[in-house]
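Novice: When we follow this note's numbering, the leftmost residue of the sequence shown carries the number 340, and every step to the right adds one.
Pasting in a structure now, in structure tokens, and then I'll have a few things to ask.
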Amino acid sequence: MRVRRSAAALLLTAAAVLGTVSAGPPADRGPFDARKVSATTLADGRTAFTDQRGRVLDLRGFNLDKYDETTEADLRELAANGFRLVRIAVSWSRLEPAPGHYDRAQLARLGQLLDWAGKYRLYAVVDYHQDVYGQYFLGGDGGAPAWTTRDDGLPFTPDPADWFAGYFQPSVQAAFRHLYDDPDLRRAQADLYTTVARELRGKRALLGYDLFNEPFGPVPGDPADPAVLAAASAALEQGRLAAMYRRLITAVRQVDRDAWLFVEPTVLVGQGVPTSLPAFTDPRPGPDRIGYAPHFYDTAVEAGRDWDPAGGFVEDYTAAVTAYPRAHRLPVLVGEWGPPSAATPGNAELVRRQVTAMRTFAAGWTMW
340 MRVRRSAAAL
350 LLTAAAVLGT
360 VSAGPPADRG
370 PFDARKVSAT
380 TLADGRTAFT
390 DQRGRVLDLR
400 GFNLDKYDET
410 TEADLRELAA
420 NGFRLVRIAV
430 SWSRLEPAPG
440 HYDRAQLARL
450 GQLLDWAGKY
460 RLYAVVDYHQ
470 DVYGQYFLGG
480 DGGAPAWTTR
490 DDGLPFTPDP
500 ADWFAGYFQP
510 SVQAAFRHLY
520 DDPDLRRAQA
530 DLYTTVAREL
540 RGKRALLGYD
550 LFNEPFGPVP
560 GDPADPAVLA
570 AASAALEQGR
580 LAAMYRRLIT
590 AVRQVDRDAW
600 LFVEPTVLVG
610 QGVPTSLPAF
620 TDPRPGPDRI
630 GYAPHFYDTA
640 VEAGRDWDPA
650 GGFVEDYTAA
660 VTAYPRAHRL
670 PVLVGEWGPP
680 SAATPGNAEL
690 VRRQVTAMRT
700 FAAGWTMW
């Protein structure tokens, strides 16, 4: 959800977090294979990941956004500091820069990262990342490729002071609508997911896939009205987004029966709005391997303010995020969280309280 960071910046953040919260115990030297990770429901109602021996896993780690800059030494250092999980943000535009042309070098790079992660006993989640749909609107190589973008001829005006506001521009909402609705784009997206899953299956570090980062869609009405936003979010989650997740689950399962598949709600969960996602059925034989991957951001902090402990953010978020996974017995992996800086007093306390809260509902987390 935030600007991209290099591996060096990631490790500086890791050092800061180590001074604030415990990363967790070092990994033991027993069997390691993410493909064998299962889930169990604990006495407190939380669904946890378990390893091959049935031991509960406490997965904590970081996002790898600029993964092309990440080195083997970076992963070795994260593991040495007690972290167990990485979330690798990949972009459709980099993996398939032209229709039907998959970048073999990018796929090989992902495979290499997973091999390094396995060497250092790090579990990995591959995150299909996007911000404001893709490169057509924000430039660069993030999100969906330009060739998938259908904006209905509507204009787009970037706002450098508030990139997130781009989601509300009609051209961006048109692009999302076409992605959800157009049969050829649906097929292209599903084919990509099958191709990547075929390439990466069998990697012992691969825990699973975060199917779509921070989903968004049409907002009919004034987005400044919280009721309008909540209604649009519910309609998206119950309709177009749920249908997309079902397609993508099927696409991955064509070639990989073992990977966990994580569904994300819209970002409104961060404002205390519970998700309206339905239950999902996993077509694999045996128990479902579906997880829930919300993000944990305070919008005021994201806008640059120090955190106010009296605002009720952590409590409201926890109340909003727990009902869905408990009802469907899904493990929760908080894919993104953390303030832009933990140097101020309020934000340092926010980090501590977020970690404390996540112990009550999450099976793992990756800080951004």
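C-beta: ideal position from N, C-alpha, C; glycine also.
To the nearest angstrom, how far is it from the Cα of Gly-400 to the Cα of Glu-603?
Specialist: 18 Å
Novice: DSSP on Ala-563, reduced to helix/strand/coil?
Specialist: coil
Novice: Counting along the chain, where does the alpha helix (DSSP H) carrying Asp-413 start and finish?
Specialist: 411–419
Novice: Ignore the nearest five residues each way along the sequence and tell me which others in Leu-531's own chain have a CB closer than 7 Å to its CB.
Specialist: Trp-431, Leu-434 and Glu-435
Novice: Taking DSSP's pairing of strands, which residues face Met-706 in a bridge?
Specialist: Phe-401
Novice: For Ser-345, count neighbouring Cβ atoms within 10 angstroms of its own Cβ and tell me buried if that reaches 16, exposed if not.
Specialist: Here Ser-345 scores only 46 on pLDDT, less than 50, and its place in the model is too uncertain to base an answer on.
Novice: Indicate whether the contact test is met: 3 or more Cβ pairs, each with one atom in the stretch 438–455 and one in the stretch 538–553, closer than 8 Å.
Specialist: yes
Novice: Under 8 Å Cβ to Cβ from Leu-381, same chain only, skipping five residues before and after it: list those, please.
Specialist: Ala-387 and Val-395
Novice: What three-state label does DSSP hand Thr-683 in the structure shown?
Specialist: coil
Novice: Using a 10 Å radius around the Cβ and a threshold of 16 neighbouring Cβ atoms, would you call Arg-628 buried or exposed?
Specialist: buried
Novice: Determine the direct distance from the alpha carbon of Arg-623 to that of Arg-596, and round the result to whole angstroms.
Specialist: C-alpha of Arg-596 to C-alpha of Arg-623: approximately 6 Å in a straight line.
Novice: Measure from the alpha carbon of His-634 to the alpha carbon of each residue in His-667, Pro-678 and Gln-512, then state which is nearest.
Specialist: Pro-678
Novice: Should Pro-664 go down as buried or exposed, given a rule of 16 or more other Cβ atoms within 10 Å for buried?
Specialist: buried
Novice: Excluding sequence positions up to five away, which residues of its chain have a Cβ less than 7 Å from the Cβ of Phe-507?
Specialist: Val-558 and Pro-562
Novice: For Thr-409, count neighbouring Cβ atoms within 10 angstroms of its own Cβ and tell me buried if that reaches 16, exposed if not.
Specialist: buried
Novice: From what residue to what residue does the alpha helix (DSSP H) around Gly-556 run?
Specialist: No alpha helix (DSSP H) contains Gly-556, which DSSP labels as neither H nor E.
Novice: Give a yes or no on whether the C-beta atoms belonging to Tyr-462 and Ala-378 are separated by under 7 Å.
Specialist: no
Novice: Quick check on His-440: buried or exposed, where buried means 16 or more other Cβ atoms within 10 Å of its Cβ?
Specialist: exposed
Novice: Quick test of the definition: if touching needs 3 or more C-beta pairs under 8 Å, does the stretch 515–532 touch the stretch 576–585?
Specialist: yes
Novice: What's the call for Thr-487, buried or exposed, on a 16-neighbour Cβ count within 10 Å?
Specialist: buried
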